[in-house]
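Protein chains: 2
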Amino acid sequence: MVYFLLSKIFQPIVSRPWKSISAVEMISKSQRLMLDNGLIEYVGGKGLFHYLPVGLRALEKLCIIIRHEMDLLGAGRMALSNLCERSVWEQTGRWEEVSAELLRLKDRKGKEYCLCPTHEESVTSLISRFSPITSSRLPLLLYQITLKYRDEPNPRFGLARAREFFMKDMYSFDLDTKSAMKTYDAVNKAYFSIFQTLGIKVHRVEAAVGSIGGNLSHEFHCESQYGEDYILLCEKCQKKFTEEVLVNSTTCPVCNEPFQKVRSLELAHTFFLGEKYSEALGATVTCNPESPIPLQMGCFGIGISRLLAAIVDYFSRDEEIRWPLCVAPYKVCVIPPKNGSREYPATPMALHLAEQLSSLANFNEEIVYDDRTHQTVGARLRDAKRRGYPYVIVANKTVFNKSSPKFELHCTATDEVLEVTHAELFQRI
Amino acid sequence: MVYFLLSKIFQPIVSRPWKSISAVEMISKSQRLMLDNGLIEYVGGKGLFHYLPVGLRALEKLCIIIRHEMDLLGAGRMALSNLCERSVWEQTGRWEEVSAELLRLKDRKGKEYCLCPTHEESVTSLISRFSPITSSRLPLLLYQITLKYRDEPNPRFGLARAREFFMKDMYSFDLDTKSAMKTYDAVNKAYFSIFQTLGIKVHRVEAAVGSIGGNLSHEFHCESQYGEDYILLCEKCQKKFTEEVLVNSTTCPVCNEPFQKVRSLELAHTFFLGEKYSEALGATVTCNPESPIPLQMGCFGIGISRLLAAIVDYFSRDEEIRWPLCVAPYKVCVIPPKNGSREYPATPMALHLAEQLSSLANFNEEIVYDDRTHQTVGARLRDAKRRGYPYVIVANKTVFNKSSPKFELHCTATDEVLEVTHAELFQRI
Chain A
-14 MVYFLLSKIF QPIVSRPWKS ISAVEMISKS QRLMLDNGLI EYVGGKGLFH YLPVGLRALE
46 KLCIIIRHEM DLLGAGRMAL SNLCERSVWE QTGRWEEVSA ELLRLKDRKG KEYCLCPTHE
106 ESVTSLISRF SPITSSRLPL LLYQITLKYR DEPNPRFGLA RAREFFMKDM YSFDLDTKSA
166 MKTYDAVNKA YFSIFQTLGI KVHRVEAAVG SIGGNLSHEF HCESQYGEDY ILLCEKCQKK
226 FTEEVLVNST TCPVCNEPFQ KVRSLELAHT FFLGEKYSEA LGATVTCNPE SPIPLQMGCF
286 GIGISRLLAA IVDYFSRDEE IRWPLCVAPY KVCVIPPKNG SREYPATPMA LHLAEQLSSL
346 ANFNEEIVYD DRTHQTVGAR LRDAKRRGYP YVIVANKTVF NKSSPKFELH CTATDEVLEV
406 THAELFQRI
Chain B
-14 MVYFLLSKIF QPIVSRPWKS ISAVEMISKS QRLMLDNGLI EYVGGKGLFH YLPVGLRALE
46 KLCIIIRHEM DLLGAGRMAL SNLCERSVWE QTGRWEEVSA ELLRLKDRKG KEYCLCPTHE
106 ESVTSLISRF SPITSSRLPL LLYQITLKYR DEPNPRFGLA RAREFFMKDM YSFDLDTKSA
166 MKTYDAVNKA YFSIFQTLGI KVHRVEAAVG SIGGNLSHEF HCESQYGEDY ILLCEKCQKK
226 FTEEVLVNST TCPVCNEPFQ KVRSLELAHT FFLGEKYSEA LGATVTCNPE SPIPLQMGCF
286 GIGISRLLAA IVDYFSRDEE IRWPLCVAPY KVCVIPPKNG SREYPATPMA LHLAEQLSSL
346 ANFNEEIVYD DRTHQTVGAR LRDAKRRGYP YVIVANKTVF NKSSPKFELH CTATDEVLEV
406 THAELFQRI
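This is the structure in structure tokens:
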């Protein structure tokens, strides 16, 4: 039952002198579009951003899609502290290993913490408090959507490589390798399902485990000119690898075919960790109470704010944002006539349409009514296209056609413009 | 359409030796109940907590209630960075002023930041980027629900005084004092509405502005033996003050009546800030483009994780959590018969009831089915009361009453136990 007046939404549109900036900073299309269209704003310093209301709406819709898939896996949602004590990171050897990228601080008593770039230590030491876990409780999957911190040497491309970023991270605990691999496969399927919902084509590639460690790892990449990686695709046997795994290889290790090398952006990462963390921190399971054994762990991350940037890069025009319908901050913009214009008497019809649409379950809180009626329809239509509403509806002179009043419907994803009756409109969107 | 199996919910029940702990740490009822019942867990070190799934569910329900009221005010939701640069806090003088409670850190380039205890500096410098704001855009209200950091010298009472905590903070921007006061009053009303929804009796008291600054301030307190403040209530003229405002006074400054002095916990705080931050950081408004003037600001906070603790303290028994229905992590627990018991054949009826209830819009994702059927009904009923489901439904021998099958309905808030038919059950809850 709620629709929004555009003048009341805080979405400051600005023009930055990108040409002069891009000489010193690596800029992506999503960064330009999200900053100029009031979705995010610099905090002061590269790689740190505030999320403004319209950007946060898109981010939250993305979270809902991801949460849905995690729920289907039976995962529990939690929120771990952003801080972790130095001593816990020392137990796994990562205080030194991840060193340069850790943001560290001391409390008033001199105790040292890091701002977590990832939460393996935190969740494993949490589980160790309740260990040994009984095996009937397994598999245990826990996830969170929280801010993470990584002191990147070279933050760039806006949200794609930031120093503070939203991440969905999940941790799995299993009795043995076999069940851990079953969990691993189930989560990988769920990840494919997420990208399918978003309409983004991804490659799942074999990857290096890096500082996270473990025995097995896959990354999900989308092809992108703003990517920072290259992936190697074998067209013959369909194997896919990160460049890191096969340094200097030009042919597939399986079928010897030359690789196709594609620039790409990593969107998600899955690891089978084995006992690396559970052994160091004492997270155990018991079938036999006398001999608890370390849990078999997995970890699974999606860089949510990076994914948001990737979506904008993937779907948008150079100067106009485009969204998949499921992530668009608002689904529809209704543009009423200009004050004092010939079409002005159609205003009540536009208002009524906005009300009617928002009373549908699908469109509640999804409709924006552009009440800046001192501006021409043309100017507001250009603005609406720039902001990227999937549907823009204009009440113009055709609504006066007595035999068959019609609205102008702009489907921005396809660039179609249709003149539709009221009934057709409700069928179409 | 979704109900949960209790065995799949990660809610570890533990018993801590509170008697020995409470000698060194100040413990509240909510702290004991939330830690022992697997809602939160210590991170390691006082005043830092992880939120486990059941605790996070309650927190999130609380957020929904608060967001609803903020939306009614027309406020936009955003997410500001948790980090703010030293230089910005120096411009308002607070880098030195708040000194001891600030958690500070340096990035790899040596730039200094604080982990924000509050976001006046961040939001004001954000608005200054888009200044001067046109006056037609006012009042502008922006809020967020994020983690905050305060390096308390003496964290205690669990979530009530933590070092990392969830807060709803809102900032308002107005053209002049008169409109700022109108905004101030509207937000104060919204706060009363939130506490009314929760069923918590609060006192709005005149308060000191402290390090936030400004000209006018009110706090919302609930009476609590775990409170850290005292409030002064005049029964004659109904004026209410924090003790801090009227140091050493025993009588009301308005009517000279002796005060009633009550121990209390602060749950929310509202400030009329005036130009303190907008002037220092250049957040301005223009009616006349040639002479922008500083915005009149307000700020409005609710300590959400503290409020969660206050709710548990307010409603719970000594050994059993109680929730208001709107915040309860799950509304209903269905307890089927024990395996192999005489009542065991009633199992399908219990399962069917859980399914039926969860198919109602009100109860989707609100039903827990206690599938630990190796335990007696009595043991699981005690456990359910301890965890504090508002309604517990037991399928026991009365479901076999052919003429009128009945379930046992426990209304935990009132301690009523009713034998109800299927139809009566659906009317009752």
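From first to last, the protein sequence lines stand for chains A and B.
If you read the first sequence in my numbering, its first letter stands for residue -14, the second for the next number, and so on.
If you read the second sequence in my numbering, its first letter stands for residue -14, the second for the next number, and so on.
Using N, Cα and C, we set each Cβ at its ideal position, and we do this for glycine too.
These figures come from a predicted structure and were not determined experimentally.
### Task
Name, going along the chain, the residues of the region 93 to 113 of chain B whose beta-carbon falls closer than 8 Å to a beta-carbon of chain A.
Those residues of the region 93 to 113 of chain B that come within reach of chain A (Cβ to Cβ, closer than 8 Å) are Arg93, Lys96, Leu100, Ser107, Ser110, Leu111.
### Task
Out of B:Lys94, B:Glu260, B:Glu340, B:Gly184, point me to the one whose CA is closest to B:Leu160's CA.
For the purposes of this step, residue 160 of chain B is identified with residue 175 of the second sequence, where counting begins at 1. Nearest option by C-alpha distance: B:Glu260.
### Query
Tell me which same chain residues have a C-beta within less than 7 Å of the C-beta of B:Pro277, skipping the five on either side of it?
Counting from one through the second sequence, the residue named residue 277 of chain B turns up at place 292. Once the five neighbours on either side are set aside, the close Cβ partners of B:Pro277 are Ser116, Pro117, Thr269, Val270, Thr271.
#### Entry: Other residues of its chain near B:Val384: CB distance less than 7 Å, five sequence neighbours each side excluded
Walking along the second sequence from the start, residue 384 of chain B turns up at place 399. These residues qualify, in order along the chain: Ala331, Met334, Pro390, Lys391, Phe392.
### Task
Kindly list the residues whose CB is nearer than 7 Å to the CB of B:Leu37, restricted to its own chain and excluding five residues on each side of it in sequence; keep chain order.
Translated into the one-based positions of the second sequence, residue 37 of chain B becomes position 52. Residues of the same chain with a CB within less than 7 Å of the CB of B:Leu37, apart from the 5 flanking positions on each side, are Phe(-5), Gln(-4), Gly23, Leu24, Ile25, Glu26 in chain order.
### Task
Check distances from the C-beta atoms of the region 60 to 72 of chain A to those of chain B and list, in chain order, the residues that come in under 7 Å.
Gly61, Arg62, Met63, Ala64, Leu65, Ser66, Asn67, Leu68, Glu70
### Task
Could you confirm whether any beta carbon from chain B is found closer than 8 Å to the beta carbon of A:Lys316?
The count along the first sequence starts at 1 and reaches residue 316 of chain A at position 331. So no, A:Lys316 is outside the interface.
### C-alpha gap between A:Val39 and B:Leu41, whole angstroms
Residue 39 of chain A sits at position 54 when you count from the first residue of the first sequence. Residue 41 of chain B sits at position 56 when you count from the first residue of the second sequence. If you take the alpha carbons of A:Val39 and B:Leu41, they lie about 25 Å apart.
#### Entry: Where B:Phe(-11) sits in the DSSP three-state scheme
As a working mapping, residue -11 of chain B is identified with position 4 in the second sequence. Three-state result, B:Phe(-11): strand.
### Query
What do you get for A:Ala364, buried or exposed, if any count of 16 or more other CB atoms within 10 angstroms of its CB means buried?
Numbered from its first residue, the first sequence carries residue 364 of chain A at position 379. A:Ala364 should be labelled exposed.
### Query
Does the region 120 to 129 of chain A come close enough to the region 82 to 101 of chain A to have 3 or more Cβ pairs within less than 8 Å?
Flag = no, the region 120 to 129 of chain A and the region 82 to 101 of chain A do not touch.
### Task
With DSSP as the reference, please indicate the residues paired to A:Gln281 in a beta bridge.
Start at 1 with the first residue of the first sequence, and residue 281 of chain A comes out as number 296. According to DSSP, A:Gln281 bridges with A:Asp159.
### Message
Rounding to the nearest angstrom, what Cα-Cα distance links A:Phe411 and A:Val405 in this structure?
### Response
Position 426 of the first sequence, counting from 1, holds the residue named residue 411 of chain A. Position 420 of the first sequence, counting from 1, holds the residue named residue 405 of chain A. Answer to the nearest angstrom: the Cα atoms are 9 Å apart.
### Message
Can you list, in chain order, the residues of its chain with a C-beta nearer than 8 Å to that of A:Glu220? Leave out the 5 residues immediately preceding and following it.
### Response
For this step, residue 220 of chain A is matched to residue 235 along the first sequence. Correct list, in chain order: Glu242, Gln245.
### Query
So what does DSSP say about B:His104, is it helix, strand or coil?
As a first step, residue 104 of chain B is located in the second sequence; it is residue number 119 there, counting from the start. Correct three-state label for B:His104: coil.
### Message
Can you pull the chain B neighbours of A:Asp136, defined as C-beta to C-beta under 7 Å?
### Response
The residue labelled residue 136 of chain A in the question sits at position 151 within the first sequence. Near A:Asp136 (Cβ distances below 7 Å), the residues of chain B are Asp92, Arg93.
### Task
With 9 Å as the C-beta to C-beta threshold (strictly closer), list the residues of the region 286 to 308 of chain A near chain B in chain order.
none
#### Entry: Test: A:Phe34 CB closer than 8 Å to a CB of chain B
In the first sequence, counting from the first residue as 1, residue 34 of chain A sits at position 49. Yes, its Cβ sits closer than 8 Å to a Cβ of chain B.
### Message
Can you tell me where the beta strand (DSSP E) holding B:Ala253 begins and where it ends?
### Response
Counting from 1 along the second sequence, the entry for residue 253 of chain B is found at position 268. Counting along the chain, the beta strand (DSSP E) containing B:Ala253 begins and ends at 245 to 259.
### Minimum length 3: unbroken beta strand (DSSP E) runs contained in the region 170 to 213 of chain B
Given a length threshold of 3 residues, each whole run of the beta strand (DSSP E) inside the region 170 to 213 of chain B is given here in chain order: 188 to 191, 201 to 208.
### Task
Apply the 10 Å Cβ neighbour rule to A:Pro2 and answer buried if 16 or more other Cβ atoms are within range, or exposed otherwise.
Reading the first sequence from its first residue, position 17 is the one you call residue 2 of chain A. Classification for A:Pro2: exposed.
### Query
Which residues in chain B sit within 8 Å of A:Ala85, going by Cβ to Cβ distance?
The residue given as residue 85 of chain A occupies position 100 in the first sequence. Under the 8 Å cutoff, chain B gives Arg93.
### Task
Select from A:Ser13, A:Ile12, A:Glu228, A:Met55 the residue whose C-alpha is nearest the C-alpha of A:Ile287.
In the first sequence, the residue the question calls residue 287 of chain A occupies position 302. Taking only the C-alpha atoms, the option nearest A:Ile287 is A:Met55.
#### Entry: Opposing strand residues paired with A:Tyr128 [DSSP bridges]
Sequence index remark: in the first sequence, residue 128 of chain A carries index 143 (1-based). DSSP lists A:Arg62, A:Met155 as partners of A:Tyr128.
### Query
Could you check where the beta strand (DSSP E) with A:Leu68 kicks off and where it finishes?
If you number the first sequence from 1, residue 68 of chain A lands on position 83. Counting along the chain, A:Leu68 sits inside the beta strand (DSSP E) bounded by residues 68 to 70.
### Query
Could you give the distance in angstroms between the alpha-carbon of B:Glu82 and the alpha-carbon of B:Glu75?
By 1-based counting over the second sequence, the position of residue 82 of chain B is 97. By 1-based counting over the second sequence, the position of residue 75 of chain B is 90. When rounded, the distance between both Cα atoms is 9 Å.
### Task
Give every residue of the same chain whose Cβ lies closer than 6 Å to the Cβ of B:Val353, excluding the five residues on either side of it in the sequence, and list them in chain order.
Residue numbering aside, residue 353 of chain B sits at position 368 when the second sequence is read from its first letter. Excluding positions up to five away in sequence, the list reads Phe(-11), Leu(-9), Tyr315, Cys318.
### Task
In angstroms with no decimal places, state the Cα-to-Cα distance between A:Asn273 and B:Leu342.
On the first sequence, position 288 is the one that residue 273 of chain A refers to. On the second sequence, position 357 is the one that residue 342 of chain B refers to. For A:Asn273 and B:Leu342, the distance between alpha carbons rounds to 38 Å.
#### Entry: Beta-ladder partner(s) of B:Gly143, from DSSP
For the purposes of this step, residue 143 of chain B is taken as residue 158 along the second sequence, with counting starting at 1. According to DSSP, which records beta bridges pairwise, B:Gly143 is partnered with nothing at all.
### Query
Using a Cβ-Cβ cut-off of 8 Å (strictly less than) and excluding sequence neighbours within five positions of A:Cys311, which residues of its own chain qualify?
For the purposes of this step, residue 311 of chain A is identified with residue 326 of the first sequence, where counting begins at 1. Counting only Cβ-Cβ distances below 8 Å, and skipping sequence neighbours, we find Lys46, Ile50, Thr182, Leu183.
### Task
Could you check how far apart the C-beta atoms of A:Pro322 and A:Ala380 are, in whole angstroms? I think they sit under 8 Å.
On the first sequence, residue 322 of chain A is found 337 positions in, with the first residue counted as 1. On the first sequence, residue 380 of chain A is found 395 positions in, with the first residue counted as 1. Contact flag correct, Cβ pair sits at about 6 Å.
### Task
Whole angstroms is fine: what's the gap from A:Gly373's alpha carbon to B:Ser344's?
Residue 373 of chain A sits at position 388 when you count from the first residue of the first sequence. Residue 344 of chain B sits at position 359 when you count from the first residue of the second sequence. For the pair A:Gly373 and B:Ser344, the Cα-to-Cα distance works out to about 36 Å.
### Task
Specify, as a first and last residue, the run of the beta strand (DSSP E) that B:His337 falls within.
In the second sequence, the residue the question calls residue 337 of chain B occupies position 352. It is not in any beta strand (DSSP E) - B:His337 instead sits in the alpha helix (DSSP H) that spans 332 to 343.
### Query
Hey, is the region 62 to 77 of chain B in contact with the region 94 to 101 of chain B, meaning 3+ C-beta pairs nearer than 8 Å?
yes
### Message
With H, G and I counted as helix, E and B as strand and the rest as coil, what does DSSP make of A:Cys311?
### Response
The residue given as residue 311 of chain A occupies position 326 in the first sequence. Coil.
### Task
Could you work out which residues of chain A lie near B:Leu132, taking near to mean beta carbons separated by less than 7 Å?
Mapped onto the second sequence, residue 132 of chain B falls at position 147. Correct list: Asn67.
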